[in-house]
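Protein chains in written order, with our numbering: chain A, 5 to 372; chain B, 54 to 393; chain C, 404 to 929.
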Amino acid sequence: MPQRDVVETEAGAGEAPLSPPTVDQPQPVTATASAATRGTGFRWQSLGRWEVALVAFVIATVLFGSAESHYFLSGGDLFDFGLNIGPIALMALPLTFIVMTGEIDLSVASTLGLACSLLGYLFEHGWPLPLAILTVLAMGVVTGTFNGILVTHLGLPSLAVTIGTLTLYRGIAEIILGSSSVTGFPNSYDKVGTSPIPGTQFTWTLGIFIVLAVVFGVVLHATPLGRSLYAIGLNKDTAFFSGIRVKRIKLLLYTLSGVICAGAGILWTFQYASSRYDAGTGLELDVVTVVLFGGISIFGGKGTIIGVIMAVCVIGGIQSALTLINVSAQAQEVVTGCLLIISVVLPNSGAALGEWRARWVRAVPRRS
Amino acid sequence: MIATAPGRWRHLAKVFFGAREVSILIVVLAVFGLTTAYNTSFADVLSVQQLLVGASVMMILAVGETMVIITRNVDLSIGSVLGISAYAVGDIFLHNPHFPVILGFVAGAGVGMLCGVVNGAIVVVARVPSLVVTLGTLYAIRGLDAIFVNGIQINPSSIPNSFLAVGYETILGVPWIFIIAAILVLLVGYVMRAFRPARDLYAIGSDPDAAVLAGVPARRRVFFTFVLSGTIAGFAGGLWLSEFATVSSVAGLGYELLVIAGVVVGGVAIFGGSGTVLGAALGVILLNTINQALVALRISSFWDEALAGALLITAIAFDRYVFLRRERANRARIAAHATA
Amino acid sequence: MTSEVTDNGDRNGAPEPAPTAAATAPVLVLEHVVKSFGAVHALSDGSIELYPGEAHALVGENGAGKSTLVKILAGVHRPDSGLLTLGGKALSLSGPAAARAAGIAVIYQEPTLFPDLSVAENIFIGRQPLRSWRRIDWAAMNEVVTAVLARLGVHLDISTLARGLSVADQQIVEIAKALSFDARVIVMDEPTAALSNAEVERLFEVIATLRAQGGAVLFISHRLSDVFKTCQRVTVMRDGRSVMSDDISNVTVESIIRAMVGRDISALFPKTPGVFGEEVLHVEHLTREGVFTDISLDVHAGEIVALSGLMGAGRSEVARAIFGIDGRDAGKVVLNGAVIPAGSPTTSMAAGMGFVPEDRRQQGLVMNMAIDHNIALASLNPLSRYRLIRRSAETNMASDWATRLRLKYGRLRDTAATLSGGNQQKAVLAKWLARQPSLLIVDEPTRGIDVGTKAEVHRLLDEVAHQGVAVLMISSELPEVLGMADRILVLREGRIAAEFSQDEADEALIMRAATGQLARSSAVGR
């Protein structure tokens, strides 16, 4: 039978070179707390406690919203919901993968802003829109790859790097457009912001998100690449020793993030029918919150796409409901900020509680 | 191993010029010099005063942030804390025009301390990475600030003159606010060097596990750095109010990134364990000088942000390069010894 | 061994050092200490006596129980039974801090200094001497540090950051730190492994100084020449018990080696003779500067070649370089006739190499991942169709291998962390065998595993070899090497020191080659 005192077995019995005693680390406890017996990867069982809690949150959000306003859950509201949360949801998908591997990308909203600015700039200079769009997507490749190379090949910490590019890309956007804005995009494109996908009340952005979410979900839970992401996040060394090309995958993820955020920027431009350098400022908070609230562990290696989708519903729903009752955008920031903190404190508080208890037990003197 | 007197001077010179702080100072002077060469009014008294004033609030923020980063953490909420403290102090004066000036600053610091306690508690007790926590509080606090600010109207007349004086008065031509910032930098810089708990911070950042094993009360120390960072940001909020004589919901917006950029440029390793408050302050001064230089050179201020970002990335990459080079040199030295 | 450390509540009033002549009372005694970890009996009778003013060698193969003994001294583990007395008083150590406070300092092979702090600060972190207003008295601290170093007879620039010091210097700093804590017993684990000759000489002088001041040094080493140069007494451990303890003047290298290795080997599963096929792996002049030099070897299909030698000889590094995890500075690796480029595990894998790493928990398995996912981790592409992993195929493969390897588990979707050490190792083996490699490199295949599972793993390797796989095995356990290998290569300080066939090898011979007691020879024995 599997033995429980596994940790001591290795540390003591093995004649590995003597090493200094290790400090008791809290295991990166995840939202799905029964990690001792639960595996990763998509199995129906892997929808753990956090996802169940999220369902409760979704229901609570729906109840809250309906109570506050009759407009909630109506078709028109769904459209507004899509307008608001669509870009955020889109950017959350590649970030999910990045966080899964234990890294972070804080430059997502700045890439969106840069894309928006570049699109406006090109349009203003007479570029045909299809060409401009392609160019902006190419720009996304460049910005994403730049992040990726700094992190993978130069080995710089992704937090610091993406704080830097967050500033850099926003700054470049500002250089391109200055304080002016570009408007006058052809109606056929502006429809992204003014009308839903024909036959539904979904915004185009939301529709694209749903399609991509399915793709990302399949990749994460059913392909070798997805499995590699879990492996990299849980144990980078073992992943590498098993032949997984960690560096190449991470680089790919950052490039993907760049492209998708650029795409989000393009959609944003048409949604608001204008191009400004400060498009999407501050949105990285919402994107990170959606990802973490969706159950993706900040330490990497845990989480599901379904969780992220539900988080989109909850956060989008809350923001939608709050807007309906005229809560200011700033007040909503408070809510989002608190949700972010809750989504990381709750999983870890399990570990912290366990540790307090152990400390308490140890403090009581016992006979050896 | 310095045997001779001339050798000693050479050694001192090497240490002096090898110090990051000196390099930055040299760059600051170089930027200043080059800009003045192009636009002599850059060296005017008023222009220099503006330089010093502009850097002061950020310098103060950098002091707190440095301590946090040295322990291998990060505090992203300092801008928001500054904003909400500025509001709080302004609000106090609005309702109590005769409130003592000193207590006004104390109140600001107090508000900041509260925020620092929240940050520190979550990071230390709940063991959550400080990046995420302070990202959350950055927005939560800013949101709160915006809610409060939207309700009130603060203009210079509602604030006592003696309070505002701190923001623009000079002594011997040097702005008060800069003197305060400089004193804080030097004071904290001295403390970081002279007291045991401060040295513990370096140990914690250098190797957190070894620190715990060595008996350093790591969690207590880290908690305290967050409290300090918040308090200092709160104090900076008071100064901000004094400088700008108004309260806005965008007070301090984006400051955290610029401060972190300045701090890293100033030689504080993002991974913790090394760096000085003086270096951080100089880094901030450098960034600010570059910003002002751009204006003087008629380059639009639109380049500010991009440059800050580029500088941050360059600083991190440079640090890493130096680190790797030194590692390789060490390994070569050991290999050479092994064959000896 | 008093020092002038001031008001920080540390141990004060340490007694005057005992005379350097052998004192009558031992300073540290371990009697019949027993320690087990689950099914693994690391220590069944650990005993040792340390006198003040002596350097005492602790010798034994890997697996003999030395490191467990030291960890007990360091306060990391609590013994299941047995007595520990320090200075005549029975002691129960609640943790590393207690051990340090009691006066026991352990200097590990890898120094634990703070890289960004100076030498002086490293020694005094948390207890720097103070002057007025509780400010750090840098001058006093530097004085004390310089004095301590001088007492050791060493000169170092105490303002250098630990990051910039060589391993030898870092070691000295650790010793100085121990002294500053008034350590009465200093345990040194393989201190000379990473040092140059000059540095070794310096260390010996330091040890002599420590002895002269009344301290006791526990010197753990495989290098018998060093032991004879610097120690007065020696204790030999074997299979978890202390088997010999005597004055150095009364023993010889031979008698020590005999005490280390004399045992019954038949308990383990020996390799059955087989037929060897084509040359699968061919390595030529493989070199990595500072790590290993001019390694040439080959392994044939069906053959098990063992790389043995002391810790630090470079065996794992050679294996990692062959597989591509580490780079190489020179040399060629050829697998089944195809040249393998450096630094690319993926290419090596595609060519048919498998690599079971030394550290199964950190490098072999993803502990928080399901068992079947772990086993499938290196085979995800073959298990997929249209880029989608076929669940059923995956589960079948995993359960298939688990059965074949007699892996004991709860459910396949339990995490690898629920497995015992032996079963974890089987899981790693399953992962690689599932790829049907033509070359399997295994690094310490049975480290930390109970006897029963050990035998199973050996049986498995035997089977694998019979199926035509070439096996390159790295092992520090001599019985395993002698039982399993068709050919044995002994590495010493990065070079191949000797090669033996299974018939001509015995433990003593290997040990002698590993410790440099044997002139370089190849295939021709004693």
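No residue lacks a Cβ here, since even glycine has one placed at the ideal position from N, Cα and C. Only a predicted model underlies this, so the values are computations on that prediction, with no experimental measurement involved.
Near residue i, which residues of its chain fall below 6 Å by C-beta distance, leaving aside the five closest residues on each side in sequence?
i	result
residue 638 of chain C	451, 461, 645 and 648
residue 527 of chain C	544
Could you give the DSSP three-state label for residue i: helix, strand or coil?
i	result
residue 696 of chain C	strand
residue 689 of chain C	strand
residue 324 of chain B	coil
residue 228 of chain B	strand
residue 776 of chain C	helix
residue 915 of chain C	helix
residue 587 of chain C	coil
residue 157 of chain A	coil
residue 800 of chain C	helix
residue 61 of chain A	helix
residue 444 of chain C	strand
residue 674 of chain C	coil
residue 684 of chain C	strand
residue 77 of chain A	coil
residue 758 of chain C	strand
Given the structure, does residue i come close to the ligand FAD, in the sense that its CB is under 7 Å from one of the ligand's heavy atoms?
i	result
residue 907 of chain C	This structure does not include the ligand FAD; it has no bound ligands of any sort.
So, at 7 Å on beta carbons, what are the nonlocal neighbours of residue i in its own chain, with the 5 sequence-adjacent residues on each side left out?
i	result
residue 152 of chain B	145 and 146
residue 233 of chain A	101, 104, 105 and 224
residue 88 of chain B	95, 346, 349 and 350
residue 540 of chain C	532, 533 and 534
residue 118 of chain B	128, 131, 282, 312, 313 and 316
Using beta carbons (cut-off 8 Å, strictly below), is residue i in contact with chain A?
i	result
residue 917 of chain C	no
residue 93 of chain B	no
residue 767 of chain C	yes
residue 532 of chain C	no
Within the same chain, show all residues whose beta-carbon is closer than 8 Å to that of residue i, passing over the 5 residues directly before and after it, in chain order.
i	result
residue 778 of chain C	800, 801, 804, 805, 830, 833, 834 and 837
residue 226 of chain B	98 and 102
residue 576 of chain C	514, 516, 522, 525, 526, 559, 565 and 568
If we define contact as Cβ-Cβ less than 8 Å, is residue i a contact residue for chain C?
i	result
residue 247 of chain B	yes
residue 282 of chain A	no
residue 239 of chain A	yes
residue 263 of chain B	yes
Output, in chain order, the set of chain B residues within a Cβ distance shorter than 7 Å of residue i.
i	result
residue 520 of chain C	255, 256 and 259
residue 158 of chain A	370 and 373
So, does the CB of residue i fall closer than 8 Å to a CB anywhere in chain B?
i	result
residue 515 of chain C	yes
residue 332 of chain A	yes
residue 546 of chain C	no
residue 524 of chain C	yes
residue 88 of chain A	no
Run down chain C in chain order and give the residues with a C-beta less than 8 Å from the C-beta of residue i.
i	result
residue 53 of chain A	Neighbours of residue 53 of chain A on chain C: none; closest Cβ ~16 Å, over 8 Å.
residue 267 of chain B	528 and 529
For residue i, return the contacting residues in chain A, with the cut-off set at a CB-CB distance below 7 Å.
i	result
residue 192 of chain B	289, 337, 340 and 341
Can you pull the chain C neighbours of residue i, defined as C-beta to C-beta under 9 Å?
i	result
residue 308 of chain A	Within 9 Å Cβ-Cβ: nothing; residue 308 of chain A doesn't reach chain C, min ~15 Å.
Given that residue i touches chain A, what residues does it touch there, using C-beta distances under 8 Å?
i	result
residue 358 of chain B	171, 172, 174, 175 and 178
Starting from residue i, find everything on chain C with Cβ-Cβ shorter than 7 Å and list it in chain order.
i	result
residue 228 of chain A	783, 784, 787 and 792
residue 247 of chain A	748, 749, 752 and 781
Exercise. Counting only runs of 4+ residues fully inside the stretch 231 to 291 of chain A, write out the alpha helix (DSSP H) ranges in chain order.
Key: As far as the stretch 231 to 291 of chain A is concerned, its whole alpha helix (DSSP H) runs of at least 4 residues are 240 to 245 and 250 to 276.
Self-check item: Whole alpha helix (DSSP H) elements within the stretch 140 to 214 of chain B, 4-residue minimum
Solution: As far as the stretch 140 to 214 of chain B is concerned, its whole alpha helix (DSSP H) runs of at least 4 residues are 154 to 178 and 183 to 202.
Self-check item: Completely contained alpha helix (DSSP H) runs for the stretch 98 to 137 of chain B, where each covers 4 or more residues
Solution: Listed in chain order, the alpha helix (DSSP H) elements of length 4 or more contained wholly in the stretch 98 to 137 of chain B are 98 to 123.
Practice problem: Could I get the ranges of all uninterrupted alpha helix (DSSP H) runs contained in the stretch 283 to 353 of chain A, with 4 residues as the minimum, in chain order? | Solution: Taken in chain order, the complete alpha helix (DSSP H) segments of 4 residues or longer contained in the stretch 283 to 353 of chain A are 287 to 297 and 309 to 328.
Exercise. Report the residue ranges of all alpha helix (DSSP H) runs contained in full by the stretch 276 to 318 of chain B; include only those spanning at least 4 residues, in chain order.
Key: Considered as a whole, the stretch 276 to 318 of chain B harbours 308 to 318 as its complete alpha helix (DSSP H) runs of no fewer than 4 residues, in chain order.
Self-check item: Those runs of the beta strand (DSSP E) which lie wholly inside the stretch 861 to 907 of chain C and span at least 3 residues
Solution: Fully enclosed beta strand (DSSP E) runs of 3 or longer: 873 to 877, 890 to 895 and 898 to 904.
Practice problem: Let me know the beta strand (DSSP E) ranges lying completely inside the stretch 585 to 652 of chain C, each 3 residues or longer, listed in chain order. | Solution: DSSP runs (the beta strand (DSSP E)) wholly in the stretch 585 to 652 of chain C: 588 to 592, 619 to 623, 636 to 641 and 644 to 650.
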